[in-house]
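Student:
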């Protein structure tokens with residue numbers, strides 16, 4: 001099953017040998033990663049048990065990342081400790097991770113998963129230390145009795161370790177990973193596209209000083225690309241991939257043809273540097289000329305294999321008139337504004353057109369009949385942990401200003417009044433985690449990605465209901 005970013009979860013058949021082929025290609029990349037670790041040290045694998053699902057024919061179904069991800073031999077979390085609830089699983093993984101003082105490698109899958117893992121450690125640090133001291137899982141954590149027995153059997157009593165963890169937690173989030181695990185050599189996570197903001201927040205806080213390496217560009221449908229240089233930290237060269245041309249047959253639609261009913265297509269050897277394309281796949285699993293929705297830009301060549309940067313998802317566009325603001329342009333404007341804010345970083349965000357909000361029942365909305373974008377932001381105070389922060393009105397307007405600078409069409413519509421100034425809606429901490437829980441409640445899909453253009457009524461209602469009132473209003 002796919003991540004469901006652009007709508008409903010998609011289902012794809014996987015033939016019997018697909019996993020072996022997938023893992024075989026992944027080993028080509030991970031071999032250099034394990035060379036970086038260069039030891040038989042302990043590994044933390046951030047993985048979550050999907051809810052058991054079967055088709056009408058009795059065929060097992062679930063998240064592609066769960067079935068295709070190889071099992072790591074030296075993982076510190078016992079196989080019998082897996083549960084379906086992600087928050088509970090996070091707690092169990094954190095407990096075993098903190099019990100280890102020689103953790104050397106974290107396979108974090110997605111940057112937001114890694115962020116949530118470290119947030120749980122800081123938010124529930126005292127509970128975790130208490131369980132470490134007692135060598136058993138707290139009775140307040142609800143799991144099946146067999147799972148509890150397996151956890152308690154494998155967990156060591158760590159009085160001294162608990163004291164050390166408390167000491168490091170009191171110092172704050174900056175560099176926490178290396179302070180908890182001084183021998184941590186590598187974190188392997190997806191860092192590009194929709195995960196970029198979570199990754200930057202991790203690198204400026206918990207993972208400061210840690211060597212991080214981005215994962216392959218991969219989807220539930222096929223492997224798309226590999227990082228061209230597997231040994232370089234993702235901060236040094238965060239965006240580029242080369243095509244995994246043996247995993248599928250690739251075709252490409254030029255960006256200006258994407259809306260055409262009969263678009264032109266190009267083969268891999270016909271791509272040109274500087275041009276942007278949507279990816280088409282034909283796979284061994286039965287997909288024929290399948291429009292993946294990933295849009296890439298060619299930036300060079302490695303021998304004859306194009307080097308590309310991921311740009312955006314084709315369905316993740318904002319469009320009130322005919323401006324069609326893409327995900328990458330919107331994010332670039334938001335990032336430019338963030339760089340001018342002081343002491344604040346973005347935890348997560350999404351957006352929508354005001355026309356979607358006007359249709360919501362039982363939602364208070366000050367409608368001035370002008371069409372505009374709405375940006376929903378969850379922010380983090382960089383200087384003081386767990387302290388609320390709120391950006392001023394002039395800082396909010398900066399996002400709209402940056403978008404006007406980066407999109408000529410948007411600027412034209414703003415200048416003639418067809419589109420009004422963007423409205424920024426700041427939401428309470430934890431809002432995007434609550435939104436994720438709603439989306440994955442039927443599947444527990446660990447591949448979840450926040451949709452950057454959101455039009456689902458239930459999620460928009462949640463976001464608007466989580467709005468933080470500006471504390472400066474009414475103050476003089």
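Numbering (full-length UniProt numbering), first residue to last: 1 to 476. Glycine included, C-beta positions come from ideal geometry on N, C-alpha and C.
Ordered along the chain, which non-local residues of its own chain (more than five positions away) have a Cβ less than 6 Å from that of residue 201?
Tutor: Counting only Cβ-Cβ distances below 6 Å, and skipping sequence neighbours, we find 345.
Student: Got a sec? Which residues, its chain only, sit under 7 Å from residue 131 by beta carbon, not counting five neighbours each side?
Tutor: The residues are 95, 137 and 138.
Student: Under 8 Å: do the segment 216-231 and the segment 342-358 share three or more Cβ pairs, one atom per stretch?
Tutor: Short answer: they don't touch.
Student: Less than 8 Å between the beta carbons of residue 399 and residue 360, yes or no?
Tutor: Against a cut-off of 8 Å, the Cβ pair of residue 360 and residue 399 comes out as no contact.
Student: Tell me which same chain residues have a C-beta within less than 7 Å of the C-beta of residue 309, skipping the five on either side of it?
Tutor: 239, 240, 296, 297 and 299, listed in sequence order.
Student: Run the CB neighbour count on residue 388, radius 10 Å, all protein chains shown included, and call it buried at 16 or more, exposed below.
Tutor: Exposed, by the Cβ-count rule.
Student: Please work out which residues of its chain come closer than 6 Å, Cβ to Cβ, to residue 320, disregarding the five sequence neighbours upstream and downstream, and give them in chain order.
Tutor: Answer for residue 320: 353, 371 and 419, listed in chain order.
Student: With residue 43 and residue 92 assumed to form a contact (beta carbons below 8 Å), what rounded beta-carbon distance in angstroms separates them?
Tutor: Not a contact, Cβ separation roughly 16 Å.
Student: With residue 477 as the anchor, note down where its alpha helix (DSSP H) starts and where it stops.
Tutor: Limits of the chain in this structure are 1 at one end and 476 at the other, which puts residue 477 out of reach.
Student: Below 8 Å CB to CB, which residues in the same chain sit around residue 355 once its five sequence neighbours on both sides are set aside?
Tutor: 320 and 371, listed in sequence order.
Student: DSSP beta-bridge partners for residue 212?
Tutor: In the DSSP output, where bridge partners are listed per residue, residue 212 has 187.
Student: State the CB to CB distance for the pair residue 290 and residue 255, rounded to an integer number of angstroms; the pair is presumed to be in contact (CB under 8 Å).
Tutor: Between residue 255 and residue 290 the Cβ distance is about 18 Å, and since that is not below 8 Å, they are no contact.
Student: Under 8 Å by Cβ, that's how I've got residue 394 and residue 404 pegged, so tell me the actual separation to the nearest angstrom.
Tutor: So it is not a contact: roughly 15 Å between Cβ atoms.
Student: Reducing DSSP to helix, strand and coil, say where residue 448 ends up.
Tutor: In the structure shown, residue 448 sits in coil (DSSP, three-state: anything other than H, G, I, E or B).
Student: Have a look at residue 203 and residue 127 and give me their C-alpha separation to the nearest angstrom.
Tutor: Going from the Cα of residue 203 to the Cα of residue 127 covers about 25 Å.
Student: Please state whether the Cβ-Cβ distance between residue 83 and residue 157 is less than 8 Å.
Tutor: Result no, Cβ atoms of residue 83 and residue 157 do not sit closer than 8 Å.
Student: Would residue 224 pass as a contact of residue 273 if the rule is Cβ separation under 8 Å?
Tutor: Not a contact, by the Cβ cut-off of 8 Å.
Student: Hey, residue 165 and residue 209 are a contact pair by Cβ (cut 8 Å); roughly how many whole angstroms apart?
Tutor: At roughly 18 Å, the Cβ-Cβ gap does not stay under 8 Å, so residue 165 and residue 209 are not in contact.
Student: Just to confirm, are residue 251 and residue 267 a CB contact at a threshold of 8 Å?
Tutor: Result yes, Cβ atoms of residue 251 and residue 267 sit closer than 8 Å.
Student: Measure the beta-carbon distance from residue 155 to residue 222 and round it to whole angstroms, keeping in mind my assumption that it falls under 8 Å.
Tutor: Rounded, the Cβ-Cβ distance is 39 Å, inconsistent with contact.
Student: Within its chain, find whatever has a CB closer than 8 Å to the CB of residue 477; leave out the 5 residues flanking it on each side and keep chain order.
Tutor: Limits of the chain in this structure are 1 at one end and 476 at the other, which puts residue 477 out of reach.
Student: Name the residue from 145, 433 and 428 whose alpha carbon lies nearest to the alpha carbon of residue 468.
Tutor: The residue with the shortest Cα to Cα distance from residue 468 is 428.
Student: Which class does residue 88 belong to by DSSP, given the choice of helix, strand or coil?
Tutor: In the structure shown, residue 88 sits in a helix (DSSP, three-state: H, G or I).
Student: Run the CB neighbour count on residue 123, radius 10 Å, all protein chains shown included, and call it buried at 16 or more, exposed below.
Tutor: When all chains shown are included, residue 123 counts as exposed.
Student: In whole angstroms, what is the alpha-carbon distance linking residue 118 and residue 382?
Tutor: Looking at the two C-alpha atoms, the distance is approximately 15 Å.
Student: Run through the DSSP bridge pairs and tell me what residue 348 is partnered with.
Tutor: Bridge partners of residue 348: 378.
Student: Should residue 408 go down as buried or exposed, given a rule of 16 or more other Cβ atoms within 10 Å for buried?
Tutor: Residue 408 should be labelled exposed.
Student: Could you give the uninterrupted runs of the beta strand (DSSP E) lying entirely in the segment 398-458, keeping only those of 3 residues or more?
Tutor: With a minimum length of 3 residues, the continuous beta strand (DSSP E) runs that stay inside the segment 398-458 are 423-426.
Student: Less than 8 Å between the beta carbons of residue 150 and residue 80, yes or no?
Tutor: Contact flag set, yes.
Student: In three-state DSSP terms, what is residue 147?
Tutor: Helix.
Student: Assuming residue 186 contacts residue 109 (C-beta within less than 8 Å), just tell me the rounded distance between them.
Tutor: About 14 Å separates the two Cβ atoms, so there is no contact after all.
Student: Among the residues of its own chain, which have a CB less than 7 Å from the CB of residue 318, if the five just before and after it don't count?
Tutor: Within the same chain, residue 318 has close Cβ partners 325, 330, 351, 353, 373 and 453.
Student: Give the range of the alpha helix (DSSP H) segment to which residue 265 is assigned.
Tutor: Unbroken run through residue 265: none, as it is neither H nor E.
Student: Which residues in the same chain as residue 78 place their Cβ atom closer than 7 Å to its Cβ, once the five residues preceding and following it in sequence are excluded?
Tutor: Within the same chain, residue 78 has close Cβ partners 150 and 154.
Student: Does the beta-carbon of residue 152 have 16 or more other beta-carbons within 10 angstroms, so that it is buried, or is it exposed?
Tutor: Residue 152 should be labelled exposed.
Student: If you draw a straight line from the C-alpha of residue 7 to the C-alpha of residue 455, how long is it?
Tutor: At residue 7 the pLDDT is 48, less than 50, meaning the model places this residue with poor confidence; the figure from the coordinates comes in the next sentence. In a straight line, the C-alpha of residue 7 is about 10 Å away from that of residue 455.
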